[in-house]
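2 protein chains.
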Amino acid sequence: MTDDERFMRMALKEAEQAANDNEIPIGAVIVSNGRVLSRAHNLTETLCDVTAHAEMQAITSAANTLGGKYLQGCTLYVTVEPCPMCAGAIGWAQLSRIVYGCPDAKRGYREYAPKAFHPKATVTEGVLCEECKALMQSFFKKRR
Amino acid sequence: MTDDERFMRMALKEAEQAANDNEIPIGAVIVSNGRVLSRAHNLTETLCDVTAHAEMQAITSAANTLGGKYLQGCTLYVTVEPCPMCAGAIGWAQLSRIVYGCPDAKRGYREYAPKAFHPKATVTEGVLCEECKALMQSFFKKRR
Chain Z
348 MTDDERFMRM ALKEAEQAAN DNEIPIGAVI VSNGRVLSRA HNLTETLCDV TAHAEMQAIT
408 SAANTLGGKY LQGCTLYVTV EPCPMCAGAI GWAQLSRIVY GCPDAKRGYR EYAPKAFHPK
468 ATVTEGVLCE ECKALMQSFF KKRR
Chain D
348 MTDDERFMRM ALKEAEQAAN DNEIPIGAVI VSNGRVLSRA HNLTETLCDV TAHAEMQAIT
408 SAANTLGGKY LQGCTLYVTV EPCPMCAGAI GWAQLSRIVY GCPDAKRGYR EYAPKAFHPK
468 ATVTEGVLCE ECKALMQSFF KKRR
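As structure tokens, this is what we get:
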């Protein structure tokens with residue numbers, strides 16, 4: 348297993364926990380030099396707050412761990428392509444690398460905010476894509 | 348004074364409070380049928396959190412006041428043009444109207460996330476523009 352797969356699997360575990368709590372199953376992990384700074388999952392229903400996406404919680408929590416609000420040099424792993432809100436937060440935090448599982452054609456940043464990340468940030472997509480997507484699909488199938 | 352000016356003045360009071368706390372002076376107010384649901388200002392330094400913009404705090408707080416996470420029918424007043432992160436949150440919250448004071452050519456949503464709001468949301472810009480801008484300019488002048 349590569350490091351990317353290992354951390355994405357951790358994010359998937361978070362996403363599964365979200366699904367168990369009836370939340371849209373998205374999980375995120377922030378890593379600095381192989382050290383996990385934060386893990387989080389979507390809490391929009393639990394907190395009754397549209398801003399409580401996995402990435403937002405992970406960014407707030409990682410800054411708390413570090414004692415500084417910028418996350419240069421850190422990598423964000425997230426199971427689904429970030430939305431424009433999260434992409435904006437990722438940009439403000441100056442995250443250096445973003446790794447996501449499956450795309451979100453409907454609300455993803457690539458369509459709505461393609462320049463929101465730091466200009467030097469790199470992006471890797473499709474890590475454990477099928478598993479990330481399957482979790483989302485099974486969640487929405489159950490809700491119908 | 349129009350209603351828009353009255354609520355923007357309230358947002359300006361929040362922005363002034365931010366300036367007093369050495370925060371970038373941006374304030375926001377959310378209103379539903381003339382009733383103020385929340386007031387907030389930028390707290391990124393105080394909370395050591397890049398996500399703690401005035402609009403984000405105001406959205407979270409208004410949802411708390413209402414006991415529901417969607418803010419349809421509500422108007423957000425904010426002293427400066429929202430960034431892509433806040434624009435994304437405004438979209439998720441389904442805010443119906445956005446009124447902002449001065450533009451932000453460098454980090455504003457119009458450049459970075461022009462389609463982030465709800466498709467039926469309306470936007471009014473330039474309410475008390477000069478006062479909102481002057482507060483920002485005097486803050487950054489002092490910091491130099």
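Top line first, the protein sequences correspond to chains Z and D. Counting in the working numbering, the first sequence runs from 348 upward without gaps. Counting in the working numbering, the second sequence runs from 348 upward without gaps. Glycine residues also receive a C-beta, built at the ideal position from the N, C-alpha and C atoms. As the structure is a prediction and not an experimental result, all values here were calculated from the model.
Legend entry - chain Z within 7 Å of residue 432(D), Cβ atoms only: Numbered from its first residue, the second sequence carries residue 432(D) at position 85. True, the Cβ-Cβ gap to chain Z drops below 7 Å.
Inset, instruction - Check the C-beta distance from residue 419(D) over to residue 404(D) and give it rounded, since I have them as a contact under 8 Å. - result: Looking up residue 419(D) in the second sequence gives position 72. Looking up residue 404(D) in the second sequence gives position 57. Actually they are not in contact, since the Cβ atoms of residue 419(D) and residue 404(D) sit about 20 Å apart, beyond 8 Å.
Legend entry - For residue 359(D), three-class secondary structure by DSSP: Position 12 of the second sequence, counting from 1, holds the residue named residue 359(D). In the displayed model, residue 359(D) falls within a helix according to three-state DSSP.
Legend entry - Within 7 Å, strictly: CB atoms of residue 417(Z) and residue 434(Z): Sequence index remark: in the first sequence, residue 417(Z) carries index 70 (1-based). Sequence index remark: in the first sequence, residue 434(Z) carries index 87 (1-based). No, they are not a contact pair.
Legend entry - residue 384(Z) - containing beta strand (DSSP E), residue span: In the first sequence, counting from the first residue as 1, residue 384(Z) sits at position 37. Residue 384(Z) -> beta strand (DSSP E) spans 382-388.
Inset, instruction - Determine the DSSP secondary structure at residue 457(D), reduced to helix, strand or coil. - result: By 1-based counting over the second sequence, the position of residue 457(D) is 110. DSSP places residue 457(D) in helix when its eight states are reduced to three.
Inset, instruction - State yes or no: is the C-beta of residue 442(D) nearer than 6 Å to some heavy atom of the ligand MG? - result: Ligands in the displayed structure: none, and consequently the ligand MG is not present.
Inset, instruction - Say whether chain Z places a C-beta atom closer than 7 Å to the C-beta of residue 403(D). - result: As a first step, residue 403(D) must be located in the second sequence, where it is residue number 56. Residue 403(D) belongs to the set of residues whose beta carbon lies under 7 Å from a beta carbon in chain Z.
Inset, instruction - Within its chain, find whatever has a CB closer than 6 Å to the CB of residue 451(Z); leave out the 5 residues flanking it on each side and keep chain order. - result: Locating residue 451(Z) in the first sequence gives position 104, counting from the first residue. These residues qualify, in order along the chain: 427, 428.
Legend entry - Of the listed residues 366(D), 486(D), 476(D), 469(D), nearest to residue 355(D) (C-alpha basis): Working through the second sequence from its first residue, we reach residue 355(D) at position 8. It is 476(D).
Legend entry - 8 Å Cβ shell around residue 446(D) - same chain, five flanking residues per side excluded: Here residue 446(D) corresponds to residue number 99 of the second sequence, with the count starting at 1. Result list for residue 446(D): 351, 354, 355, 422, 423, 424, 425, 470, 471, 472, 474, in chain order.
Legend entry - DSSP three-state assignment for residue 435(D), whether helix, strand or coil: Stepping through the second sequence from its first residue, residue 435(D) is reached at position 88. Of the three classes helix, strand and coil, the one that applies to residue 435(D) here is helix, per DSSP.
Legend entry - Chain-ordered residues of the segment 413-432 of chain D with a beta carbon less than 8 Å from chain Z: Residues 414, 415, 416, 417, 430, 431, 432.
Inset, instruction - Indicate whether residue 392(D) and residue 363(D) have their beta-carbon atoms separated by less than 7 Å. - result: Start at 1 with the first residue of the second sequence, and residue 392(D) comes out as number 45. Start at 1 with the first residue of the second sequence, and residue 363(D) comes out as number 16. 7 Å or more divides the Cβ of residue 392(D) from the Cβ of residue 363(D).
Legend entry - residue 395(D) in three-state terms, based on DSSP: What you label residue 395(D) is simply residue 48 of the second sequence in a count that begins at 1. Judged by DSSP in its simplified three-state form, residue 395(D) adopts coil rather than helix or strand.
Inset, instruction - Just the C-alpha distance for residue 361(D) and residue 489(Z), rounded to the nearest angstrom, thanks. - result: Residue mapping note: residue 361(D) aligns to position 14 of the second sequence, counting from 1. Residue mapping note: residue 489(Z) aligns to position 142 of the first sequence, counting from 1. In a straight line, the C-alpha of residue 361(D) is about 44 Å away from that of residue 489(Z).
Inset, instruction - Assuming residue 406(Z) contacts residue 398(D) (C-beta within less than 8 Å), just tell me the rounded distance between them. - result: Locating residue 406(Z) in the first sequence gives position 59, counting from the first residue. Locating residue 398(D) in the second sequence gives position 51, counting from the first residue. Indeed they touch by this definition, with Cβ atoms about 6 Å apart.
Inset, instruction - Verify whether the separation of the beta carbon atoms of residue 365(D) and residue 400(D) is less than 7 Å. - result: The residue given as residue 365(D) occupies position 18 in the second sequence. The residue given as residue 400(D) occupies position 53 in the second sequence. Taking C-beta atoms as the reference points, residue 365(D) and residue 400(D) fail to come closer than 7 Å.
Inset, instruction - Quick one: which residues of the segment 361-378 of chain Z get their C-beta closer than 8 Å to a C-beta of chain D? List them in chain order. - result: For the segment 361-378 of chain Z, the beta-carbon criterion of a distance under 8 Å to any beta-carbon of chain D is satisfied by none of its residues.
Legend entry - Neighbourhood of residue 436(Z) by C-beta, 8 Å cutoff - its chain only, sequence neighbours within 5 removed: The residue you call residue 436(Z) lines up with position 89 of the first sequence. The answer, listed in chain order, is 402, 403, 406.
Legend entry - 8 Å Cβ cut-off: residues of chain D touching residue 435(Z): Position 88 of the first sequence, counted from the start, is the residue given in the question as residue 435(Z). In chain order: 430, 431, 432, 433, 434, 435, 459, 460.
Legend entry - CA-to-CA distance, residue 390(D) to residue 396(D), given in whole angstroms: As a working mapping, residue 396(D) is identified with position 49 in the second sequence. As a working mapping, residue 390(D) is identified with position 43 in the second sequence. When rounded, the distance between both Cα atoms is 8 Å.
Inset, instruction - Leaving aside the five residues before and after residue 412(Z) along the sequence, list all residues of the same chain whose C-beta is less than 8 Å from its C-beta, in chain order. - result: The residue labelled residue 412(Z) in the question sits at position 65 within the first sequence. Correct list, in chain order: 384, 385.
Legend entry - Between the CA atoms of residue 378(D) and residue 464(Z) - distance to the nearest angstrom: Here residue 464(Z) refers to the residue found at position 117 when the first sequence is read from its first residue. Here residue 378(D) refers to the residue found at position 31 when the second sequence is read from its first residue. When rounded, the distance between both Cα atoms is 31 Å.
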